[in-house]
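Residue numbers (my numbering): 156 to 339.
Backbone N, C-alpha and C fix where the C-beta goes; we use that ideal spot for every residue, glycine too.
Report on the structure given below.
See the structure below:
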């Protein structure tokens, strides 16, 4: 009887160890899948933003914003005009950035994705763009979409130490920052 009990305990320990190890692996796989998903979603919205900026298509850019953002951002049309005009008709030729960051998941909603990119313009200038999107919010579909976009009309190397970007990363907005301190 003791040998049987001991054998059962060993079997249970082996099974629980295997179960724990597979559980950890699946969580790791899930996080990797989440990172791939967020990168694809950010690339999709980023490419649309760049397309609309290059085409100077304010309506296309406006439609990327969530319905909630369109209501909450004061004077959105004027801010988008200022945003597009900050490029002075120059095209975005390339963008480099790290993998986007995210908060939440498909299960723990809402899923917010944040991306920062160094832009190279057709005239050789370098800008920085910060993009915030809410990709999934099953409880409030009107919040899904672009909700914040910030443009720095200078490169990462030129960012002043005392630069303060208004609002938190979860606030709605469109802003353009210039080296002379002017914010629009």
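Taken atom to atom, the span from the alpha-carbon of residue 205 to that of residue 191 is near 21 Å.
Spatial neighbours of residue 200 in its own chain (CB-CB distance under 7 Å, excluding positions within 5 residues in sequence) are listed in chain order as 219, 286, 288 and 301. Residue environment analysis places residue 298 among the buried positions, since at least 16 neighbouring C-beta atoms fall within 10 angstroms of its C-beta. If you look at residue 231, you'll find it in the alpha helix (DSSP H) that goes 231-240.
As a beta-bridge residue in DSSP terms, residue 303 pairs with 287 and 328.
Here residue 255 is buried, its C-beta having at least 16 other C-beta atoms within 10 Å.
Using a C-beta cut-off of 8 Å, the segment 245-252 makes contact with the segment 273-285, since at least three inter-stretch Cβ pairs fall below that distance.
According to the DSSP secondary-structure assignment, residue 281 is paired through a beta bridge with 275.
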